[in-house]
RNA sequence: GCGUCCUUAGCUCAGUUGGAUAGAGCAAUGCCCUUCUAAGGCAUCGGUCAGAGGUUCGAAUCCUCUAGGGCGUACCA
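In our numbering, the protein residues as written are 1044 to 1569.
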């Protein structure tokens, strides 16, 4: 809708025109402050320019009025345009707002280590990534959702050690000496019990079997993670394991050429060329690769698979990592601009007003699945999706557990359910509803219709700007308009009943479509 | 110290590539069910957009500095 208006104006002025929605609807549907920017060039006052421009439009079927007010040019869309657009939306159903954008995008997100269940911080990245995925696919992009599994390195060794110690301590009652770093938590006790049943008590004591147990446990934990994600409607297309990549190592090193160098028996990467504080070690002097090495081969593999764009969603604690990986991508001969890294800031928790520190090793994490059990996937997703992800988010655990009406997801769902109720109570046939024309609507009804028809541009804006929170914000605003309209207007028995129901069908469509892009199913009844 | 993200109502957060009177939810106070679901609506209260300068017709938004906070600054992941 906005695109259509913008295109009209672009033809007229030969340049892109800023279009905005006036806060005060009496100013029309769209407005532009273009006269202000033209005034310097034309040496005329904005008011006069706006007046001239407004008068220069002939009869456009799209607009019913074009007025200049205090230098702004305000456009009012015509009823026939809005009605046509609404009918078009209704016949397209949940494809409303879809597009045929071209491009292949590899989206990597979550990628949590398979050493424990997902905690609440991971959930934010998962929700953000999955929302982007749904938005991008709706717009037509060919997107692949990928999970990078760190199944090599120290943390896997640590997992093996932790598993054995947990088993010996909790199950066998032995006094064990805990190392400085180790994992703990209920999931480890469960796994240790399984080890006992499946491999016998000896497996918990035999240090030579640590690696074997770690690899076994890693798969079990990854399965747990996948289940956790499934519970919030997050699904991945591909999983790439770090360990599976090391066969490529020599080739990748050669490919990086002068990007890497040897010093004191170690291999370094010239990451300082890309703004990193200093060059980083990729291979230690004992030949063991560092964490960065895995990411280098992984990104090489990603680029060799030939996507047009790459989006990584990382926790904010990895931000120092961007320069290093971009350096590697560049040394490998690819354009680092194609790799876009979105950081999802920390989620910090308060408990009774006091900061609550989470530590995976100390076992004081808030697990995602516990929260999902308390408040449900819909509320969790809606809450995380509502916050832009580059701000640290703070919330009280107790507050998050609340399931009363203060939760905005109920507000939006209720709006949809109210419309469904009206549709089912009305005796108007679908033919009659669809056949009616949205002419002569009240100002409130017109505002509601216009808001509902904004969905496509919200979707596009939310995805292209990577600001997923724009969608839930929009849904809340649309629901608010609906609730007000519902209160003010008794639809059943209204002389324009069919017409109003058509309007409400558009609203329901936008809510339903918007929610599904958030991984939430709209409710017909509450 | 350096890098980076941030600071908007009592709390949690929005604020459209700089635009018309800075918004919502929660909390607080008071109204509205013989009205299609009150999981709702209306009203009131609440702001030096951290502070100071600058650019501009116009700044919460852009630039500089200052203060405060998160994260990073590992041959951990």
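Just so it is clear, CB atoms sit at the ideal spot from N, CA and C, and this is done for glycine as well.
Item, Value
"Residue 1065, DSSP secondary structure in three states", "coil"
"Start-to-end residues for the beta strand (DSSP E) that takes in residue 1230", "From DSSP, residue 1230 is part of no beta strand (DSSP E) but of the alpha helix (DSSP H) over 1229 to 1242."
"Classification of residue 1200 by the beta-carbon crowding that lies within 10 angstroms, buried from 16 upward", "exposed"
"Classification of residue 1281 by the beta-carbon crowding that lies within 10 angstroms, buried from 16 upward", "exposed"
"Inter-residue Cα distance where the pair is residue 1241 and residue 1252", "14 Å"
"Beta-carbon proximity check, residue 1545 vs residue 1129, cutoff 8 Å", "yes"
"Three-way DSSP call (helix, strand, coil) for residue 1381 in this model", "helix"
"Where residue 1290 falls, given that 16 or more other Cβ within 10 Å makes a residue buried", "exposed"
"Cα-Cα separation, residue 1061 to residue 1052", "10 Å"
"Three-state class that DSSP yields for residue 1079 in the structure shown", "helix"
"Pairwise C-alpha distance: residue 1340 and residue 1284", "11 Å"
"Beta-carbon proximity list for residue 1388, same chain, < 7 Å, skipping 5 on both sides", "1359, 1432, 1433, 1434, 1435, 1436"
"Residue 1131 classed as buried or exposed, judged by whether at least 16 other C-beta atoms fall within 10 angstroms", "exposed"
"Alpha-carbon spacing of residue 1499 relative to residue 1464, whole angstroms", "25 Å"
"Length-filtered (4 minimum) alpha helix (DSSP H) runs lying within the segment 1534 to 1562", "1540 to 1560"
"DSSP beta-bridge partners of residue 1332", "1326"
"Three-state class that DSSP yields for residue 1270 in the structure shown", "helix"
"C-beta atoms of residue 1022 and residue 1428 nearer than 8 Å", "Here the chain comprises residues numbered 1044 to 1569, so residue 1022 is not present and cannot be evaluated."
"Buried versus exposed, by CB contacts within 10 Å (16 or more), residue 1050", "exposed"
"At least 3 beta-carbon pairs within less than 8 Å: the segment 1179 to 1190 vs the segment 1228 to 1244", "no"
"Residues near residue 1217 in its chain [Cβ-Cβ closer than 6 Å; skip 5 each side]", "1211"
"Exposure label - residue 1136; buried when at least 16 CB within 10 Å", "exposed"
"Beta-carbon gap between residue 1455 and residue 1558 smaller than 8 Å", "yes"
"Straight-line gap, residue 1157 to residue 1229 (C-alpha atoms, nearest Å)", "15 Å"
"Exposed unless 16 or more other CB atoms sit within 10 angstroms - verdict on residue 1089", "buried"
"Among 1081, 1065, 1120, 1495, the one whose alpha carbon lies nearest that of residue 1048", "1120"
"C-beta atoms of residue 1134 and residue 1511 nearer than 8 Å", "no"
"Alpha-carbon spacing of residue 1509 relative to residue 1262, whole angstroms", "32 Å"
"Exposure label - residue 1066; buried when at least 16 CB within 10 Å", "exposed"
"8 Å Cβ cutoff met for residue 1555 and residue 1565", "yes"
"Endpoints, alpha helix (DSSP H) assigned at residue 1149", "First-last for residue 1149: 1147 to 1151, but that is the beta strand (DSSP E), not the alpha helix (DSSP H)."
"Beta carbon of residue 1590 nearer than 8 Å to that of residue 1247", "Examination of residue 1590 is not possible in this model, given that the chain is present from 1044 through 1569 alone."
"Which of helix, strand or coil DSSP assigns to residue 1496", "coil"
"Range covered by the alpha helix (DSSP H) that runs through residue 1568", "It is not in any alpha helix (DSSP H) - residue 1568 carries neither H nor E in the DSSP assignment."
"Residue 1648 classed as buried or exposed, judged by whether at least 16 other C-beta atoms fall within 10 angstroms", "Because the chain spans 1044 through 1569 in this model, residue 1648 falls outside it and cannot be assessed."
"Cβ-heavy atom distance, residue 1540 to the ligand SAH, below 7 Å", "For the ligand SAH, the structure offers nothing, since it holds no ligand at all."
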